[in-house]
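Let me begin by presenting the structure, written as structure tokens, before commenting on it.
Number of protein chains: 2
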Amino acid sequence: MTDQAQTPTVESVSESMENIVLGEDDQPLSKKALKKLEKEREKARRKQEREAREAEERAAREANYVDYSAGSYGQLPLNQSQERTNRCREKIADINGSRLGETVLLRARVQLSRPTGSRLCFFSFRQRTESIQGVVAQDKDTVSKAMLKFATGIQAESIVLVEGVLVAPVEPVKSCTVHDAEISIKKLFVVSPSLDRLPFTLEDASRPEEEYEKEDAQFSRVTLPTRLDNRVIDLRTITNQAIFRIQSGVCQLFREFLLKQDFVEIHSPKIIGAASEGGANVFAVKYFKTNAYLSQSPQLHKQMCICADFERVFEIAPVFRAEDSNTHRHMTEYVGLDLEMAFEEHYHEVMDLIGKMFVYIFDGLNQRYSKEIAAVCRQYPFEPLKYLPETLTLEYPQAVQMLRDAGVDMGDFDDLSTENERFLGKLVKAKYDTDFYILDKFPLCVRPFYTMPDPSRDGYSNSYDFFIRGEEIMSGAQRIHEPSLLQERARAHDINPATIAPYVDAFKYGAPPHAGGGIGLERVVMLFLNVGNIRRTSLFPRDPKRLEP
Amino acid sequence: MTDQAQTPTVESVSESMENIVLGEDDQPLSKKALKKLEKEREKARRKQEREAREAEERAAREANYVDYSAGSYGQLPLNQSQERTNRCREKIADINGSRLGETVLLRARVQLSRPTGSRLCFFSFRQRTESIQGVVAQDKDTVSKAMLKFATGIQAESIVLVEGVLVAPVEPVKSCTVHDAEISIKKLFVVSPSLDRLPFTLEDASRPEEEYEKEDAQFSRVTLPTRLDNRVIDLRTITNQAIFRIQSGVCQLFREFLLKQDFVEIHSPKIIGAASEGGANVFAVKYFKTNAYLSQSPQLHKQMCICADFERVFEIAPVFRAEDSNTHRHMTEYVGLDLEMAFEEHYHEVMDLIGKMFVYIFDGLNQRYSKEIAAVCRQYPFEPLKYLPETLTLEYPQAVQMLRDAGVDMGDFDDLSTENERFLGKLVKAKYDTDFYILDKFPLCVRPFYTMPDPSRDGYSNSYDFFIRGEEIMSGAQRIHEPSLLQERARAHDINPATIAPYVDAFKYGAPPHAGGGIGLERVVMLFLNVGNIRRTSLFPRDPKRLEP
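Protein sequences appear in the order of chains A and B.
Under the working numbering, the first residue of the first sequence carries the number 1, and numbering increases by one thereafter.
Under the working numbering, the first residue of the second sequence carries the number 550, and numbering increases by one thereafter.
Okay, here's the thing in structure tokens:
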């Protein structure tokens, strides 16, 4: 302990009051002035005492003091795979209140650290779509003051290795996905630090719109361009993790359904020698000493596969469109879910199969991804998609009639404008209580030249679109499989048959009747989750103004 | 019956012999000459009789004759989905000797028709990888001569609709996949005719090499360029149908394994703003008013997904390489099976997982695609792939030693030439009896700048290649996840860190240690089946000289 003899005590100062004390004017001080002086001296003495004590403590620490947390915290050396202990590391997804008392080890991202009082620091740790609370509490034998200080200094978004005991939180942790357990941290290491100031916090990036609309809201809104410019950080939000797990799910369900129906997965070339669907909207590529193009769809090649007896094929692959469209639903590169199928008698075999496939996808998402759907809903609240077990099919003339009855002025063979598409979606929802339906029998003149004409009704065709929430997500049709009719229809569309000779020739050696369609993956996810902009459902979107990151 | 009164009978001619008959010299004919004349007259009379009878029959046919097969054969009108009976149509795959006596209806391709005698025509019908024999036999009540004639005239590769009864063939049908049943055809319609002369027959395209090598072989060999120029026909062979079902299978198995391991499927952009792996070998794209490039690999974006906490990602997508390599194993566009994974302690977690994944793929192919593998083997005979349940892993120095012991002169840090790769494959096969192995710990100098150096052995790295039958099918490594080391290694590779700033920046906000790899789909299929040229395992291959079809 400190020896106090050399500094004056309160008692000794009181005693000295017997002597006469002179002020700055050499006159004896008044009693009031004396009291003030005494107070000042007392204050100085205490400061002196404190500083001495602190210096002594510091000296003791430096000389003999052992940090009882040493080895339980710190920055780990760069992982170059130096060792492999095979010790199990937990997934937050596997942690819940039934495991209280267990010691767990896990690598996680620090979403947030919040020092509370002088001896506590709360953390929220994140893995993919899951998060859990952790607490570093200074104590006498495990967590030293130095360890607490280290913990408090860890930058948000650093990756840490945490060891601790699962305990019951004082009250359910609403801010994390694990509500009924938290980690009482015993060891805490930084695996990879966040070195730079974040362009936005994950809290702000995860906030639902309604929070900004509150009167006293003082949060900074993270705009879509800012998110996309810093996509690596933006994608870390639980909402985005959920969106892209759902996107992955759509692909699995699409394939699952089709493989069960004996489809074969194909991979068609994306670099093509001639612009397959006319020269417009196509990206040109320099190909050694000649020119090539990026495929605008696998249309030709998937039909060639049908001509080559694959019978039923699908492909998931990028599709490139050089359209200068800057809308909420257009990108220059998107993922096409394409399928093509030989049918026996009627193209409705194909249309019906695709309808069933979508129901399978929607059912599968609702069953397998309910947690992810709920996560998206927390940030972007939406009504769950309404769809019927047997998909509603309307014919084009019925749709035109519904629109006319609702006051829209349009001709029998006019195409649907985006506006009318949406309006029709509302009318269908009101009448049939479904967000998902098929529109069959489009006018021939608004479809590509290779669309099979309706055999009985002039001006119509064997073609269909599928809609979710009033927006088109798939276009398809029976294709013409007979060369001379194909040429005739090309001429009717002012296409010189010579320019499409290789396409027409594919049908010269016998082709079964077939139909198919192409689905935009990002549109399906956007509309299923109703997130309003296709860039939210593309990992690294490309549009006429965005080529990065 | 015909009235014969107006034509002279044998009797009447004999009677007229009583009269004197003069020859060309106006002298009476000798008895011999008379006999000759009589014979000639008899012949002419019979001819007349026959012609009259035939004319009469023809007239009768045209007037009253009913073809008892009418309605059971012919060219169907163009299918525009006129009707839908929902009558079941068979798959040849479901037909076998246990179903004799059943009536079946099926749509199939005519691979071959072979008229035999005057009343029979044999067919072989094909669907995908299956074929069955059919017989049109003229009889008195079902199959008329006219129907037989129609059947015989059907061009090979036309698509037909066949109805008939399953019967036991006289002897097992070796030339078809269904040996113990054939179709006794009752109805036969052409759905879609083959209109043009085939550039080669499906028989020739399906012939194993050994048949050409027989002394008396007179077949035309179908070269690879001819096949690729006419790919729609070439792909119809059972061998090719099998190859691409196996290719589809590799993708399913790859995904199945990874999804079970909690990987997420991603889709990264193929149009990129800057050449990600240096400016060489990259295709340039005109992108509105600026320039862009085609992605040479999803390397950057899959690593960005790791930085964005996806933890484990995979992607199946096209990869573009502007390399002017004209070899059996290079293409300018191929399908990449890419994966990237954050690991906990050691990159061998990832390498081991990939090793297990390949074993899962090989096992799966052997179990699920044995018929297809057998089909390919018939045309391109090969030794089944040998692989171990626990994949053999060698370290680079071991491989160098094996090569040196076998007389190869190479330095410790020299890269493996294609020749040495193959030779090493042979040495490994001889010593360890496996066609599949991993080579770990490549020299740092032969790997990309972002490869993590080995922490304990100077000059080596945490990187690996996977080999099948002595050819590389996957390259992978632990990646550097720390910005300053990444910059240092870039400089060591003479890359200006400024040019890769966006790549380096992705690691500034914390990144877990991670490793991964990229697999060439077509190479895996080519080497598993040992078909010798990568163009055989790509639907529509692209190389520096081929952009079509």
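Just so it is clear, CB atoms sit at the ideal spot from N, CA and C, and this is done for glycine as well.
Query                                                                                                                         : Result
Listed by chain order, chain A residues near residue 793 (chain B) by CB distance under 8 Å                                   : 264, 266, 310
Buried or exposed by the 16-neighbour rule on C-beta atoms within 10 Å, applied to residue 182 (chain A)                      : buried
Closest Cα partner of residue 163 (chain A) within the set A:491, A:190, A:36, A:441                                          : A:190
For residue 450 (chain A) and residue 551 (chain A), the rounded distance between their alpha carbons                         : With chain A covering only 1 through 549, there is no way to say anything about residue 551 (chain A).
Residue-chain proximity (residue 252 (chain A), chain B), Cβ-Cβ < 8 Å                                                         : yes
CB contact below 8 Å: residue 452 (chain A) versus chain B                                                                    : yes
Selected residue, minimal CA-CA separation from residue 507 (chain A), among A:527, A:524, A:479                              : A:479
Nearest-angstrom Cα separation, counted from residue 858 (chain B) out to residue 333 (chain A)                               : 24 Å
Contact check, residue 918 (chain B) vs residue 1080 (chain B), beta carbons under 8 Å                                        : no
CB of residue 470 (chain A) within 8 Å of CB of residue 548 (chain A), strictly                                               : no
Residue 804 (chain B), enclosing alpha helix (DSSP H) - first and last residue                                                : 787–809
One or two residues paired with residue 121 (chain A) in a DSSP bridge                                                        : A:115, A:136
Own chain residues within Cβ distance below 8 Å of residue 91 (chain A), not counting five before or after                    : 106, 127, 130
Partner residues on chain B for residue 273 (chain A), Cβ-Cβ distance less than 7 Å                                           : 1096, 1097
Length of the line joining the Cα atoms of residue 815 (chain B) and residue 246 (chain A)                                    : 11 Å
Residue 875 (chain B) classed as buried or exposed, judged by whether at least 16 other C-beta atoms fall within 10 angstroms : exposed
is_contact[residue 530 (chain A), chain B] using C-beta, thresh 8 Å                                                           : no
Cross-chain neighbours of residue 517 (chain A) in chain B, by beta carbon under 8 Å                                          : What residue 517 (chain A) touches in chain B: nothing, since even the nearest Cβ is about 15 Å away.
Distance CB(residue 337 (chain A))-CB(residue 320 (chain A)) smaller than 8 Å                                                 : no
Proximal residues of chain B, C-beta to C-beta of residue 326 (chain A) below 8 Å                                             : Neighbours of residue 326 (chain A) on chain B: none; closest Cβ ~11 Å, over 8 Å.
Coarse secondary structure for residue 923 (chain B), derived from DSSP in three states                                       : helix
Chain B contacts made by the segment 280–296 of chain A, where a contact means CB separation under 8 Å                        : 283, 284, 285, 286, 287, 288, 290, 292, 294
First and last residue of the uninterrupted alpha helix (DSSP H) at residue 357 (chain A)                                     : 348–368
The segment 744–757 of chain B / the segment 628–638 of chain B touching (three or more Cβ pairs under 8 Å)                   : no
Cβ-based neighbour list, residue 415 (chain A), same chain, cut-off 7 Å, excluding 5 preceding and 5 following                : 446
Boundaries (first-last residue) of the beta strand (DSSP E) holding residue 313 (chain A)                                     : 312–320
Complete alpha helix (DSSP H) runs within the segment 687–756 of chain B (minimum length 4 residues, chain order)             : 694–701, 751–755
Beta carbon proximity, residue 196 (chain A) to chain B, threshold 8 Å                                                        : yes
Simplified DSSP state of residue 1011 (chain B), which is helix, strand or coil                                               : coil
Sheet register partners of residue 392 (chain A) (DSSP bridge)                                                                : A:437
Segment limits, beta strand (DSSP E) that includes residue 342 (chain A)                                                      : 333–342
Touch test, the segment 457–474 of chain A against the segment 430–444 of chain A, Cβ-Cβ under 8 Å, three pairs minimum       : yes
Residue 948 (chain B) versus residue 1052 (chain B) - alpha carbon distance                                                   : 33 Å
Buried/exposed call for residue 14 (chain A), threshold 16 Cβ in 10 Å                                                         : Model confidence at residue 14 (chain A) stands at a pLDDT of 42, short of 50, so the residue's coordinates are unreliable; what they give is reported in the following sentence. With fewer than 16 other Cβ atoms within 10 Å, it is exposed.
C-beta contact flag for residue 1085 (chain B) and residue 792 (chain B) at 8 Å                                               : yes
DSSP-derived helix/strand/coil call for residue 946 (chain B)                                                                 : helix
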